[in-house]
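Input: a single structure, listed below in structure tokens.
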Amino acid sequence: MDGNGSLKLDANKEKSWNVLLDPDVLERCIMGCKKLELVDENTYHADLSVGIAAVKGQYTSIIKITNVEKPERYTLIVKGEGGPGNVEATANIELTEQDEQTTVLSYSYEAEVGGKVAMVGQRMLGGVAKLIIKDFFKKFAKELDKSEAHR
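Numbering follows the working numbering, with no gaps: position 103 of the sequence shown is 151.
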């Protein structure tokens, strides 16, 4: 399954970049993240508890940030395993400055699932993936707003 989207952020590109790569922010924005721990440069171990439809369950994941071109773009790779199955996803994230205080965040992703989760069907999984991604960016926008308010 794959998808893409974009959203406007009420912050400049540098600020958006810094908040987007802040591990504490990532932990708060990733749905069901119980723990996000740095294990190597730009590599994290995450314990996730997802409670949506067929993907409901506990997952142990590795999240890696690669192809970093600060403050323009990077690739996020997620590999997770749990009782419901496994997932491998790659997301490309790009920031474009619209003006001094507005940045456009664009993303595209591809994901593959296996195990029991894969038996559910691509249509349902596509809907769940979109829900998880939209939830992440909604939370991220709030975190960015909070950080702007503290300035």
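Each residue gets a CB set at the ideal place from its N, CA and C atoms; glycine is no exception.
- Judged by DSSP in its simplified three-state form, Lys61 adopts helix.
- Looking at the backbone, the Cα of Ser156 and that of Leu57 are separated by about 17 Å.
- Under the Cβ criterion (8 Å, minimum of three pairs), the region 175-190 counts as touching the region 70-86.
- Its chain contains Glu142, Leu143 as the residues whose beta carbon lies nearer than 7 Å to that of Glu120, once the 5 sequence neighbours on both sides are disregarded; these appear in chain order.
- Note: Gln106 is bridge-paired with Ser97 in the DSSP secondary-structure output.
- The Cβ-Cβ distance between Val176 and Ile100 falls below 8 Å.
- For Thr151, the number of other beta carbons within 10 angstroms of its own is at least 16, and it is reported as buried.
- The Cβ atoms of Glu129 and Thr114 do not sit closer than 8 Å to each other.
- With a cutoff of 8 Å on beta-carbon distance, Val103 and Glu191 are scored as not near each other.
- The three-state secondary structure of Asp70, taken from DSSP, is coil.
- Within the same chain, His93 come within 6 Å of Val87 by CB-CB distance, once the 5 residues on both sides are set aside.
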